[in-house]
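Peer 1: Provided herewith is a single structure, encoded as structure tokens, for subsequent inquiry.
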Amino acid sequence: EKYGCWIIRPDYINAGMLLLNMEKFKSYIALMNLVLNPMILPFFTMDNQSIKNRITLFKQVFYYNLPELCDHFESLGILPEYYFLEWNMTLFTKSVNIDVAMRIWDVYMIEGITAIYSAGIVFLSHFEAKFMEMNFEDILKQIKSINVINFDDDMLVDAMKNVKYPDWVTVE
Numbered sequence: 021e022k023y024g025c026w027i028i029r030p031d032y033i034n035a036g037m038l039l040l041n042m043e044k045f046k047s048y049i050a051l052m053n054l055v056l057n058p059m060i061l062p063f064f065t066m067d068n069q070s071i072k073n074r075i076t077l078f079k080q081v082f083y084y085n086l087p088e089l090c091d092h093f094e095s096l097g098i099l100p101e102y103y104f105l106e107w108n109m110t111l112f113t114k115s116v117n118i119d120v121a122m123r124i125w126d127v128y129m130i131e132g133i134t135a136i137y138s139a140g141i142v143f144l145s146h147f148e149a150k151f152m153e154m155n156f157e158d159i160l161k162q163i164k165s166i167n168v169i170n171f172d173d174d175m176l177v178d179a180m181k182n183v184k185y186p187d188w189v190t191v192e
């Protein structure tokens, strides 16, 4: 599928998630609606300025909720680009087990992009104590392997509701 001069890769968002819940044509339409959503589209069109803006917003939410961990990541040179881009492009289907991803998608369908931010903060907070003792490589390895951790999806959604946003971020 072409969008302007960029090629959109809808396979980054796991179509299997949709196919588990609807027939092929409807899942294709749903996938295109997800990919062409203005909040997700910049990650597929590689709109660097929009991506940079979303990463900046995420970093502000990260710092607002987990200031010590955010400072630790920054001191080690761990940038949100190393993990946040994948979370957005796959809506967590590559990062967590299917039950947890489905719950994140449920929240995403209702609340939009803040679900990605909130889920990310919850995952980071879950490992905060561990991350504070880890080095660069170990942290990135752990972030890439959160799919092997068995999160309770109800507790995740409850924790997502507790993520705080500065007023100006909500407006943005």
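If you're matching positions, the sequence shown starts at 21 in the numbering used here and goes up one per residue.
Virtual Cβ for every residue (Gly too), placed ideally from N, Cα, C.
1) Between Met154 and the ligand GTP, is there a pair consisting of the residue's CB and a ligand heavy atom that are separated by less than 8 Å?
2) What does the Cβ neighbour count give for Met52, buried or exposed, with the cut at 16 atoms within 10 Å?
3) Compare the Cα-Cα distances from Leu111 to each of Phe147, Asn57, Asn73, Pro186 and report the closest residue.
4) In this structure, how does DSSP classify Pro186 when only helix, strand and coil are distinguished?
5) Going by beta carbon distance, what residues of the same chain come within less than 7 Å of Arg123, once the five residues before and after it are set aside?
6) I need the boundaries of the alpha helix (DSSP H) containing Gly140, first residue and last residue.
7) Cα-Cα, which of Ala179, Ala149, Ile166 is closest to Thr113?
8) Considering only their Cβ atoms, is the gap separating Ile118 from Leu40 smaller than 9 Å?
9) So Lys79 and Pro100 are in contact, right, with Cβ under 8 Å, and what is the actual spacing, rounded?
10) Pick from Ile133, Ala149, Leu144, Met154: whose alpha carbon is nearest that of Val55?
11) Please go through the stretch 36-65 and give each complete alpha helix (DSSP H) segment of 4 or more residues, from N-terminal end onward.
12) Along the chain, where does the alpha helix (DSSP H) containing Val177 start, and where does it finish?
13) Leaving out the 5 sequence neighbours to the left and right, which residues in its chain are closer than 6 Å to Pro30 when beta-carbon positions are compared?
14) Comparing C-alpha positions only, which one of Leu144, Val183, Tyr48, Met180 sits nearest to Lys164?
15) Give every residue of the same chain whose Cβ lies closer than 8 Å to the Cβ of Gly159, excluding the five residues on either side of it in the sequence, and list them in chain order.
Peer 2: Working from what's here:
1) Of ligands this structure carries none, so the ligand GTP is not represented either.
2) As a working note, residue 52 is residue 32 in the sequence shown. Met52 is exposed by the Cβ-count criterion.
3) Against the sequence shown, residue 111 aligns to sequence position 91. Measuring from the Cα of Leu111, the nearest candidate turns out to be Asn57.
4) As a working note, residue 186 is residue 166 in the sequence shown. Under the three-state reduction of DSSP, Pro186 is assigned to coil, being neither helix nor strand.
5) Locating residue 123 in the sequence shown gives position 103, counting from the first residue. Excluding positions up to five away in sequence, the list reads Asp173, Leu176, Val177.
6) Here residue 140 refers to the residue found at position 120 when the sequence shown is read from its first residue. Unbroken alpha helix (DSSP H) run through Gly140: 134-146.
7) Position 93 of the sequence shown holds residue 113. Of the candidates Ala179, Ala149, Ile166, the one whose C-alpha sits nearest the C-alpha of Thr113 is Ile166.
8) Position 20 of the sequence shown, counted from the first residue, corresponds to residue 40. Position 98 of the sequence shown, counted from the first residue, corresponds to residue 118. Yes, they are a contact pair.
9) Residue numbering aside, residue 79 sits at position 59 when the sequence shown is read from its first letter. Residue numbering aside, residue 100 sits at position 80 when the sequence shown is read from its first letter. So it is a contact: roughly 6 Å between Cβ atoms.
10) Taking the sequence shown and counting its residues from 1, one reaches residue 55 at position 35. When only C-alpha atoms are compared, the closest one is Ile133.
11) The stretch 36-65 contains these whole alpha helix (DSSP H) runs: 44-55, 61-65.
12) Numbered from 1 along the sequence shown, position 157 holds the residue referred to as residue 177. Where Val177 is concerned, the enclosing alpha helix (DSSP H) stretches over 173-181.
13) Indexing the sequence shown from 1 puts residue 30 at position 10. Its pLDDT being 44, under 50, Pro30 is placed unreliably by the model, and nothing is read from it.
14) Sequence index remark: in the sequence shown, residue 164 carries index 144 (1-based). Closest option to Lys164, Cα to Cα, is Leu144.
15) One-based indexing of the sequence shown puts residue 159 at position 139. Sequence inspection shows Ile at residue 159; the Gly mentioned does not correspond to that position. Excluding positions up to five away in sequence, the list reads Phe93, Leu96, Ile98, Phe151.
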